[in-house]
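Participant:
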Amino acid sequence: MLPIVIASDHAGYSLKEQVKKYLEGKNIEYVDLGTNSGESVDYPEFAHKLCVEIQEGRAEKGILVCGTGIGMSMVANKHSGIRAACVSDTFSARATRMHNDANVLCFGERVVGAGLASELVEAFLTTEYEGGRHQRRVDLVNSFDK
Ligand code: RB5
Numbered sequence: 255m256l257p258i259v260i261a262s263d264h265a266g267y268s269l270k271e272q273v274k275k276y277l278e279g280k281n282i283e284y285v286d287l288g289t290n291s292g293e294s295v296d297y298p299e300f301a302h303k304l305c306v307e308i309q310e311g312r313a314e315k316g317i318l319v320c321g322t323g324i325g326m327s328m329v330a331n332k333h334s335g336i337r338a339a340c341v342s343d344t345f346s347a348r349a350t351r352m353h354n355d356a357n358v359l360c361f362g363e364r365v366v367g368a369g370l371a372s373e374l375v376e377a378f379l380t381t382e383y384e385g386g387r388h389q390r391r392v393d394l395v396n397s398f399d400k
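In my numbering, the protein residues as written are 255 to 400.
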């Protein structure tokens, strides 16, 4: 299985570090693409870096953390083949896997705490895409890549 890729900006740095501890506790392999401190950086650069890893086949799923999760998701969804979901509840984290086949999970350090973030990650990583009636819709989503 390919490693999970994870990245944040400065506003998501601390929560990214906590999510890494969760992944380590579950023996889930990950690659941290930065940022590596709370020093101010630009979230689009980190979202782009992570999406390229998925587009080029070095990862299947990614996790992006910023202040809100919103900026990261906006940037991620401009990349073809990326279906990013910004979530702050476990129902949505599960549903976006089952219905949208989301491959990038985004959330905000200013929105969710570390406990909830771990639950979002667990739901995202353990829930399978349902396919079936959703495939036509996911194909339509992907058609806008072109
Ligand atoms: C940084 O202050 C903040 O704008 C960023 O982390 C994010 O929330 C953008 O959507």
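Ideal Cβ placement from N, Cα and C applies to all residues, glycine included. Remember, it's a predicted structure, so these values are computed and weren't measured experimentally.
Since Ile-324 sits in a beta bridge, which residues does DSSP pair it with?
Facilitator: The sequence position of residue 324 within the sequence shown is 70, counting from 1. Answer by DSSP bridge pairing: none, since Ile-324 is not bridged.
Participant: Going by C-alpha to C-alpha distance, which of Pro-298, Arg-312, Asn-354 sits closest to Glu-319?
Facilitator: One-based indexing of the sequence shown puts residue 319 at position 65. Note that residue 319 is Val in the sequence shown, not Glu. For the residues Pro-298, Arg-312, Asn-354, the minimum Cα distance to Val-319 belongs to Pro-298.
Participant: Would you call Leu-277 buried or exposed, if buried means 16 or more other Cβ atoms sit within 10 Å of its Cβ?
Facilitator: Sequence index remark: in the sequence shown, residue 277 carries index 23 (1-based). The residue is buried, with at least 16 neighbouring Cβ atoms inside 10 Å.
Participant: Contact between the segment 281–301 and the segment 339–349 is defined here as three or more beta-carbon pairs at a separation below 8 Å; is this criterion met?
Facilitator: The answer is no - the segment 339–349 does not touch the segment 281–301, with fewer than three Cβ pairs under 8 Å.
Participant: Report back the beta-carbon spacing between Val-365 and Ala-330 to the nearest angstrom; my notes put them in contact at under 8 Å.
Facilitator: Residue numbering aside, residue 365 sits at position 111 when the sequence shown is read from its first letter. Residue numbering aside, residue 330 sits at position 76 when the sequence shown is read from its first letter. Actually they are not in contact, since the Cβ atoms of Val-365 and Ala-330 sit about 17 Å apart, beyond 8 Å.
Participant: Below 7 Å, is the gap between the Cβ of Cys-320 and the nearest heavy atom of ligand 1?
Facilitator: Along the sequence shown, read from residue 1 onward, the residue named residue 320 stands at position 66. Checking the Cβ of Cys-320 against ligand 1 gives yes.
Participant: Should Asp-263 be labelled buried (16 or more other beta-carbon atoms within 10 Å of its own) or exposed?
Facilitator: Along the sequence shown, read from residue 1 onward, the residue named residue 263 stands at position 9. Buried is the call here.
Participant: Can you tell which of Ala-371, Arg-337, Glu-376 has the C-alpha that lies nearest to the C-alpha of Val-392?
Facilitator: In the sequence shown, the residue the question calls residue 392 occupies position 138. Considering only alpha carbons, the answer is Arg-337.
Participant: Could you check what DSSP says for Ser-262 in three-state terms: helix, strand or coil?
Facilitator: On the sequence shown, position 8 is the one that residue 262 refers to. Of the three classes helix, strand and coil, the one that applies to Ser-262 here is strand, per DSSP.
Participant: Quick one: give me the first and last residue of the beta strand (DSSP E) that Asp-393 is part of.
Facilitator: Walking along the sequence shown from the start, residue 393 turns up at place 139. Where Asp-393 is concerned, there is no enclosing beta strand (DSSP E), although the alpha helix (DSSP H) it sits in stretches over 387–397.
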